[in-house]
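Just below is one structure, and these are the notes that go with it.
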Amino acid sequence: MQGYIYPNEFELQWSLLIVVYPYLTGLVAGAFILASLARVFNVKEVQPTYRLSLLTALAFLIAAPLPLLGHLGHPERAYEILMTPNTRSAMAMFGFVYLWYLMMVLLLEIWFDYRKDLVVWSRGKTGVLASFRRLLTLGVTDLSEDALRFDRRAGKLITIIGIPSAFLLHGYVGFIFGSIKANPWWSSVLMPVVFLFSAIVSGIALMLVIYFFSTMLRSRPVDMACMDKLGSFLLYALIVDFSLEMLDFTQRLYEAEESISILGQMLSSRLVLSLIILQVLIGTIVPLVTLFLVAPTVRKRGFLKVPDEFRRLLYFVVAVFIQIGIFSTRWNVVIGGQLFSKSLRGLTTFKVGLLGIEGILVAGAIMLLPLVILYILVKVVPPWPDAEAVVESELTGADPVPAVQPS
Amino acid sequence: MADERPTPGGIDRRAFVGACVAVAAPLVLSAAQQAAPAAPDTAHAAPDSAQGATGTPRYDPRTHYYGMGVDVSKCIGCGQCAAACKAENNVPLDPHHFRTWVERYVIHENAEATVDSPNGGIDGFPAPVAEGGVVRSFFVPKLCNHCANPPCVQVCPVGATFSTEDGVVLVDESYCIGCRYCIQACPYGARFLHPVSHTAQKCTFCYHRVVQGMVPACVEVCPTGARVFGEVHRPSSPLTRFRRFNAIQVLKPHLNTEPKVFYANLDGQVR
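Chain order of the listed sequences is P and H. Position 275 of the first sequence, counting from 1, maps to 275 under my numbering, and the rest follow consecutively. Position 14 of the second sequence, counting from 1, maps to 421 under my numbering, and the rest follow consecutively.
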């Protein structure tokens, strides 16, 4: 502790779990936006990541409320947010935004996209998996051309609705912080926008990692066109994200309101590692420079001609760096916003514990859970392009291409 | 007949007198209730019971609107208010949970201020460390400002914290989910999460006392009368008198929370 803090500020109100929460929802929004690039904007190169992105978004969305729930003083009363919401509260909208996104966007889109496959995969099969897949078709087994066209159209419409919904999902999380006028570190109109773009950055980076990793695990060739496109999208998103953050920073510095002195002290003492080194240097500058040099953006092959094997490794490393940087960003918002006193006269400290509900172990488990969920989802509804069922029976009378199980 | 002749304003005398009584009676009654300490039997009457065996009139929140005045120049930093508050309201006794506390400001010759509040002022204050000399020193009692425009109420996702009709911001402990958003939204550090109940807590203006005609515990024990409790809108209220005779400031007015804790003789250093 340094200087004066209000006595009640001794304890940090929001700790590690609340850092994890915006990190997870950011990944959901980012992964979905990548999927919609493939679907709505017809970016052919990233097509191999389309279904994988949808499943990743779903897996992370399922895990996203857990840190919130674990953090509540009375988790058994959490349902009251849905039952008796205070309509003036930003946080009360969480349940509705979440459910809208889960039920109306992700599940629907995934269902329309996979219905054909589910029917083909389960047809004439027995066993638990086939029965479960049959159940997932909800009894809609029509594979006629009309039905399939309807699936495609519905899926596209949902994606179009889904893009603003994804913006809403994470922009809204930014608003939860940005609308707190009591806290000068949070209170910024740019907060939802910065959250959104950092979400896109983190989502694309995550999909790059998952695509690369899963392809390697399945011993399939990595699609370099896809990796290059992901790399260049990552660069564009990173440029926008970093520009917004610098704009926010410059604005604060230039306006120099009464909080500037204590925020400056916080920056140069408490946040050196997490903000300057991890968020800005490792998580932004290094990826920016690397991607600028190797990703095919301005030039067809990038500024440095790098062999494919090395380039995809660079993408992978950069994406991991970005994950570290984005997690640090969430940390710097959530924890940073509580390290200085609202009396603007002092700084407090925060130490993460290993055990306990707010400890590293629980937070780590919650962050790994989406990967476990994703593993299960992938087993049930394989997202790989080579696993996709092709309904040729109606065209040629031949048997449908059987589902190839992920290795 | 003369009695029935309409007055120039269009109301007859009987109606006028009736209206006067109707308007004045609650004012006089509640003013009397406030001026005189409540009798022991009335003080322990259930606040919401209808006119009961004791003959106490039912407490009507619509006829009150409370606030507090704090005269900074009268505070001697004894910390009795903070101690009384902890005893009255079952506030944890550790030095990190307070519904009210006292801050000491020491203004140095270079115009810098150092602030401290060891154990909320309950154990008194050590002699100030005077690096380069002290220009001035004073104490500032702090508590929930019972804002008319309370950010904590706005953000509560389930409406567990709310503004009462009589102008007090309260928390429903049986409803609070413990998300701590209200604590984040309070600009004054007036809220905390109770370590046992796991719900948000804050100053209630000793609502349980106030509805029985008593003043909050901190006001009751203040030896110098630095705290004044009363009605904001009533001309006869001690608070109105306090506001009439002092230049008033509130904390962090730029945040537009419209506090109802009014400070007299407040220094610009206080945040």
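Glycine included, every Cβ here is placed at the ideal spot set by N, Cα and C. The structure presented is a predicted model; accordingly, all values stated were derived computationally and were not measured.
Cutoff 8 angstroms: residue i Cβ touching any chain P Cβ
i: H/Val565; result: yes
i: H/His553; result: no
i: H/Asp674; result: no
i: H/Gln561; result: yes
i: H/His515; result: no
i: H/Asp579; result: no
i: H/Ile584; result: yes
i: H/Leu658; result: no
i: H/Leu550; result: no
i: H/Arg598; result: yes
i: H/Leu662; result: yes
i: H/Phe546; result: no
i: H/Gly527; result: yes
i: H/Gln487; result: no
i: H/Gln441; result: Per-residue confidence for H/Gln441 stands at a pLDDT of 45, beneath the threshold of 50, marking its modelled position as unreliable; no derived number is given.
i: H/Asp523; result: yes
Residue-chain proximity (residue i, chain H), Cβ-Cβ < 8 angstroms
i: P/Pro192; result: no
i: P/Phe249; result: no
i: P/Ala63; result: no
i: P/Met91; result: yes
i: P/Arg152; result: no
i: P/Ala78; result: yes
i: P/Trp185; result: no
i: P/Gln2; result: no
i: P/Leu165; result: Checking the sequence, you will find Ser at residue 165 of chain P rather than Leu. No, because no Cβ of chain H sits closer than 8 angstroms to the Cβ of P/Ser165.
i: P/Ser343; result: yes
i: P/Glu309; result: no
i: P/Ala182; result: yes
i: P/Leu72; result: yes
i: P/Pro7; result: yes
i: P/Gln13; result: yes
Residue i vs residue j beta-carbon contact at 8 angstroms
i: H/Phe612; j: H/His553; result: yes
i: P/Asp228; j: P/Pro296; result: yes
i: P/Leu377; j: P/Ala64; result: no
i: P/Leu12; j: P/Phe292; result: no
i: P/Met91; j: H/Cys586; result: yes
i: P/Ile18; j: P/Pro67; result: yes
i: H/Pro630; j: H/Cys485; result: yes
i: H/Cys488; j: H/Pro533; result: no
i: P/Ser122; j: P/Arg133; result: yes
i: P/Tyr4; j: P/Arg330; result: no
i: H/Cys559; j: H/Cys593; result: yes
i: H/Val617; j: H/Met475; result: no
i: P/Tyr261; j: H/Arg678; result: At residue 261 of chain P the sequence reads Ser, which differs from the Tyr that was named. It is not a contact, given that the beta carbons lie outside the stated cut-off.
i: P/Ile81; j: H/Val578; result: no
i: H/Thr664; j: H/Asn517; result: no
i: P/Asn183; j: P/Gly26; result: no
i: P/Ile357; j: H/Gln591; result: no
i: P/Leu275; j: P/Leu190; result: no
CB contact below 8 angstroms: residue i versus chain A
i: H/Tyr670; result: Reference to chain A is not applicable here, since the protein chains of this structure are P and H.
Beta-bridge partners of residue i, as assigned by DSSP
i: H/His515; result: H/Val541
i: P/Glu358; result: Paired residue(s): none; P/Glu358 is not in a bridge.
i: H/Trp508; result: H/Lys549
i: H/Gln619; result: According to DSSP, H/Gln619 bridges with nothing at all.
i: H/Asp478; result: H/Ala671
i: H/Ser570; result: H/Val576
i: H/Tyr473; result: H/Glu638
i: H/Phe599; result: H/Gln608
i: H/Asp523; result: H/Arg511
i: H/Gln656; result: H/Tyr670
i: P/Gly162; result: According to DSSP, P/Gly162 bridges with nothing at all.
i: H/Gly531; result: For H/Gly531, which the question treats as bridged, DSSP gives no partner whatsoever.
i: P/Gln451; result: Outside the shown range of chain P (1 to 407) lies residue 451 of chain P, about which nothing can therefore be said.
Cβ-based neighbour list, residue i, same chain, cut-off 6 angstroms, excluding 5 preceding and 5 following
i: H/His601; result: Gln608
i: P/Ile200; result: Gly30, Ile33, Ala237
i: H/Pro502; result: Asn526
i: P/Ser53; result: Ala31, Leu34, Ala35, Met207
Proximal residues to residue i (C-beta, below 7 angstroms), its chain only, five neighbours per side dropped
i: P/Phe112; result: Asp151, Ala154, Gly155, Ile158
i: P/Glu258; result: Leu344
Cut-off 8 angstroms between Cβ atoms - residues of its own chain near residue i, not counting five sequence neighbours on either side
i: P/Leu371; result: Ala59
Quiz item: Fully enclosed by the region 96 to 135 of chain P, which alpha helix (DSSP H) runs are 4 residues long or longer?
Solution: Whole alpha helix (DSSP H) segments, 4+ residues: 108 to 122.
Practice problem: Just list the alpha helix (DSSP H) runs in the region 271 to 352 of chain P, keeping only unbroken ones of 4 residues or longer that don't cross its boundaries, in chain order. | Solution: List check, alpha helix (DSSP H) in window: 286 to 294, 308 to 334, 336 to 339.
Quiz item: Taking only runs of the alpha helix (DSSP H) that begin and end inside the region 180 to 252 of chain P, which ones reach a length of at least 4 residues, in chain order?
Solution: Segments of the alpha helix (DSSP H) lying fully in the region 180 to 252 of chain P: 191 to 217.
Self-check item: Start-end ranges of the alpha helix (DSSP H) lying completely within the region 37 to 77 of chain P, minimum 4 residues
Solution: Positions of the alpha helix (DSSP H) runs, each at least 4 residues long and wholly inside the region 37 to 77 of chain P, are given as 50 to 63, 65 to 71 in order along the chain.
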